[in-house]
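Those sequence lines, one after another, are chains B and H. Heads up: the first sequence begins at 1 in the working numbering, then just goes up one per residue. Heads up: the second sequence begins at 1001 in the working numbering, then just goes up one per residue. A short write-up of the structure that comes next.
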Amino acid sequence: MKTKLWMLMGLALVAALGPAPRAAASRVEKVTCKVELDRGVLPAGASQRAVVRVSLDAPLVREQAERPPVNLAIVLDRSGSMGSGGKLEKAKEAAIAALRKLGERDVFSLVMFDHEVETLIPPQSAGNTEWIESRIHSIRSRGNTALFGGVSQGAAEVRKHLEGRHVSRILLLSDGQANVGPSQPEDLGRLGAALMKERIAVTTIGVGADYNEDLMTKLAQNSDGNTYFVESSRDLPRIFAQELGDVLSVFARDVRLEIEFTDGVRPVRIIGRDGRLDDRKVEIRLNQLYGGQAKYALVEVEVPAGTPHDVRKLASARCSYENLLNRQSERAEAEASVRYSDHEPDVLKSVNVSVQKEMAVNDLAEAQEKAIQQADGGNRVQAAATLRAAGARVRAQAATYSIDDAQLMKDTAGAEASAAAIETQGLDNRSRKGLMTDSYQMRNQQKR
Amino acid sequence: MTLKPSSLRVGFALLVGATLAIGMLSLRLLRHEETRLADEARRTLQGRAQLVADDLQLAVRDVQEEVLNRLAALPPGDLSRALAGWPEANPLVRNTFIWNQAARRLEQPSPTAPTTAEEKRFILRYSHLFAARLDTLLRAGEREDAALLAQASPRMQLNRVAQQVKALPSAQPVRRGWIPWFEGDQLFLLGWVEQHGRVAGVELETAALLSRLLQVFPREAGTDRAWALLDGAGNLLHQTGGLDIGKGRTPAVAASLSPSLPHWQVAFFGTGVPAAAAGGYRLITTLLVGALLLSILAGGTLLLLEAGRKAREARQKTSFVANVSHELKTPLTTLRMYAELLREGRVRAPEQRQHYLDVMVTECARLTRLVNNMLDFGRLEQQRRTYAVEPLDLAAWLPTFLEAQRLRIEEAGLRLAVKLPGAPLSVRIDRDALEQAVLNLLDNALKYAADGKQIEIVLTATTGSGAQLEVNDRGPGVPEELREKIFEKFYRLDQSLTARVPGSGLGLSIARRLLRDLGGDLVCLPREGGGACFRIHLKGAL
């Protein structure tokens, strides 16, 4: 009896100490977490505001074979308006193109809606291309827009394969106002929030100038999906391809980021994202991380006064997530410290340009959203002023810290152009969609 | 016994009246049946709506019970931490809260320092509730529940009874309930459980709940109807079925979702009975009644026509018998008178006697012809007449035949003209039948066209080696509309007994029958310059 126990213990020891060949052979990379400040050195003597950036960097998913399978539901608006201008035809083409990018292990379903909702393609292996394509070709436009029901049905189809390690995604494409079922942005936002808890992300694609961008953005935001504004249906195949690129590269999901601040450091607000914020802690949830793509969170904090040369630990970040390549629950941690100095050039030298850039991006995004609100309220002049001021701030910031970023400059120029347009002719439907979508993409670090 | 047409007509009218009455009655019954079917369909629909509503309610009830059970099972000491994780983990939980009853204040989320944007909105949304009404609602909660339950459907009540059994094991009855809250047209559901002076509560995620409920909703394929889920303000939350539910359309049936989802309802739009089915029913019944009416009408009409025809025939026969009797009587009278004169020997002169005997022979011949005609007619009617068909050269036969008749014709004061073809004209025919037919035509001409002073007989060859024989006169002719009628048996142009010329009405009829039996024909045509032309067509010899 005793010897038996010893043998067992010995075996266990060997197992524990011995090399794990399988794990070593296919060593899977992890998400790296980094915490940085906008400045590594803070001026001593007074309490002040600083910005903490936590970035999560997922490695690129390289081989096709090892990527996690995808559970994709396309929710297609086939209301009457989609029939005009070849929108539906392009959408069908794009859906087929997306289908062809998927493999045998992936699950594909397609729900279409007008005033009622119908599952055209029940969830099945994306390998059945022939049958699926013939079904997609048969779609004809008619009726109204039951957007809520469409997304609900899409979610129901995705749920049929929820327990596996599939990356679940609903791709909603619509060109109109939801007019059957709940249709407020808030309603769809709540649906998105509920779906996020089931690890289902909804990516929304708005086509043309008549859809409700508030609703589409809110739905994407609350479920951590992407959002796109497609002016011409010709761009649909490209957008689908881009979105599918994201979906196919999902590395981690169910990402929880917890940033704890040391005594005396008080978080003031989370910039550009929703999250939980209390006296000592910030919690942010992401539905997924895409391989080869960094996501970050910016938190504005109030840092207490310090004495020169004092080094102070400021924040520690813990990120837990499910690695989809090996299906392990993993964690990544990081810390950030700050040094105080009374020497001005020290402070200037310590400026972190990339954090500054991202602050500028978020500043611009926030200004765009504010300008939209102001323009909606009929205050054109103020809206234009908001955009111009943000533009000026970004340019000044860029000059001060010599930020060289083409996209940021393009966005700034775009915002300034919008300001001029708003002032003279108000915020038209198209620019509103552009601004709204842009600002969400900027805040969410969506690939553009 | 035969029915008189007039009494037939009366009977027929009665029958039609009865049929119409039956038709009307059946239409009324049909309408009644349709209403009954519609009612039936309505009841079925209502039942179905109630079932759907119950299904939805039970689903909501299950969620609610489960949530309350979980709430009740929370450890009282660690309430706050245990509850905090719910909104992040559960799609159906939007917010959680803890209410301190003693202090009458919200413990979580903190009304002064909410940690998320959603908490902030929660506090805003329920500020009124937490400020004033919560206590009352908590007290009223269970009573209200019971009152609402009394109105629920039997199925729901049964379910609730079962749930009460489930709740029994807990030693101390826990106060718990649901508060429906309306804010800006939207329904929010707050569930609460009392725990040691504190109330732990959950706000359900209505959007997620609705999203899941839609899957329970019945499928409907038709394009002329729709099932719909409506909220308290009449907004369309979901529909299945192709009917476009515009604003202000009233549902055919509706079932309430109270108390689980107050003021929401399941509604059916469109017609209860599928229109096609009702139409088909109506069509078939109408067709049946129509067919019945039509067959009665058609049968009656046929009967009437037949009766009319029979009556006409009977009249013709009566007239025929009278005519024939007259025809027979005239020569018989003559014969008897001359025979008596001769028997009494009062006539001495031999010329006189000779003359009397001649007349008697002539009258006998007339009688013979008459009787022959009648016999022929009888045979023809019974189709017992047989023919001896053989080749006959008409060009040779006609002059011989006419020579025998010439005396008779000329005695009647008519001039006989004959036109013959130059060549022999041979046909296959029964010679006796042909002679009889031509004789009948000649008799007719003598009888009716003696004023014309002329009979012309024309024989010509026709195409296909046939022949055509015309008997032309200069009499009064035959009116156009009667040119076919005169060939009917018993028909005479002047049917009155006092007609100037006696006759049986059989001659032409027999002639045509004979010729047709032999493959030829006889027609009556107008003759140019007045008079009638009777034309005989004969088939060729081959």
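Ideal placement from N, C-alpha and C gives every residue a C-beta, glycine not left out. Treat the numbers as computed from the prediction; the structure is a model and nothing was measured.
- A residue is called buried once 16 or more other Cβ atoms fall within 10 Å of its Cβ, and H:Tyr1387, having fewer, is exposed.
- Between B:Gln374 and B:Ala383, the C-beta gap is smaller than 8 Å, which places the two residues in contact.
- Taking a Cβ-Cβ cut-off of 7 Å, the neighbours of B:His115 in chain H comprise Gln1239, Asp1244, given in sequence order.
- For the C-beta of H:Gln1215, the chain B residues within less than 7 Å are, from N- to C-terminus, Ala156.
- In the structure shown, B:Tyr228 adopts extended strand secondary structure according to DSSP, grouped into three states.
- Note on geometry: alpha-carbon atoms of H:Arg1139 and B:Ile121 lie some 51 Å from one another.
- None of the residues of the stretch 1065 to 1083 of chain H has a beta carbon lying less than 8 Å from any beta carbon of chain B.
- DSSP links B:Cys319 through a beta bridge to B:Leu257, B:Ala332.
- Rounded to whole angstroms, the separation of the alpha carbons of H:Thr1362 and H:Leu1446 is 15 Å.
- Between B:Val394 and B:Asp438 a beta carbon distance of about 14 Å is seen, past the 8 Å cut, so the two are scored as non-contacting.
- C-alpha of H:Glu1040 to C-alpha of H:Gly1242: approximately 23 Å in a straight line.
- Uninterrupted beta strand (DSSP E) stretches at least 3 residues long and entirely within the stretch 1218 to 1278 of chain H occur at 1225 to 1230, 1236 to 1240, 1253 to 1256, 1265 to 1270, given in chain order.
- Interface annotation, B:Asp274: in contact with chain H, CB-CB separation under 8 Å.
- Scanning H:Glu1183, H:Ala1113, H:Thr1223, H:Asp1055 for the CA closest to the CA of H:Gln1157 turns up H:Asp1055.
- Within the same chain, Pro1218, Val1266 come within 6 Å of H:Val1052 by CB-CB distance, once the 5 residues on both sides are set aside.
- Under the DSSP assignment, B:Met436 falls in the alpha helix (DSSP H) whose first and last residues are 429 to 443.
- Counting only the Cα atoms, H:Ala1073 lies some 48 Å from B:Lys433.
- Residue contact check for H:Leu1236 against chain B: a CB pair falls below 8 Å.
- Residues of chain B whose Cβ lies closer than 8 Å to the Cβ of H:Ala1233 do not exist, since the nearest Cβ in that chain is about 12 Å away.
- Where B:Asn128 is concerned, there is no enclosing beta strand (DSSP E), because DSSP gives it neither an H nor an E.
- Non-local beta-carbon contacts of H:Pro1262 in its own chain, meaning distances under 6 Å to residues more than five positions away in sequence, involve Pro1180 in chain order.
- Beta-bridge analysis with DSSP links B:Met112 to B:Leu76, B:Glu118.
- Residues of chain B with a Cβ closer than 7 Å to the Cβ of H:Asn1159 do not exist; the shortest Cβ-Cβ separation is about 24 Å.
- Every alpha helix (DSSP H) of 4 residues or more that sits fully in the stretch 141 to 188 of chain B is shown, in chain order, as 147 to 159.
- Using a Cβ distance threshold of 8 Å, B:Arg190 and H:Glu1183 do not count as a contacting pair.
- The Cβ atoms of B:Val151 and B:Leu173 lie no closer than 8 Å to each other.
- For the stretch 1105 to 1136 of chain H, residues whose beta-carbon sits nearer than 7 Å to a beta-carbon of chain B comprise Thr1115, Thr1116, Ala1117.
- B:His343 counts as exposed, since fewer than 16 other C-beta atoms from the protein chains shown sit within 10 angstroms of its C-beta.
- Per DSSP, H:Asn1444 has no beta-bridge partner at all.
- For the alpha helix (DSSP H) assignment, the uninterrupted runs of no fewer than 4 residues enclosed by the stretch 1016 to 1091 of chain H are, from N- to C-terminal side, 1079 to 1084, 1086 to 1089.
- B:Asn128 has its alpha-carbon roughly 45 Å from the corresponding atom of B:Val282.
- Check the Cα spacing between H:Leu1187 and each of H:Ala1233, H:Cys1533, H:Thr1301: the tightest is with H:Ala1233.
- For B:Val301, no Cβ of chain H is located within less than 8 Å of the residue's own Cβ.
- Assigned with DSSP and collapsed to three states, B:Asp278 falls in coil, not helix or strand.
- Bridge pairing for H:Trp1099: H:Leu1106, H:Val1199 [DSSP].
- The C-beta of B:Glu66 has fewer than 16 other C-beta atoms within 10 Å across all chains shown, which makes the residue exposed.
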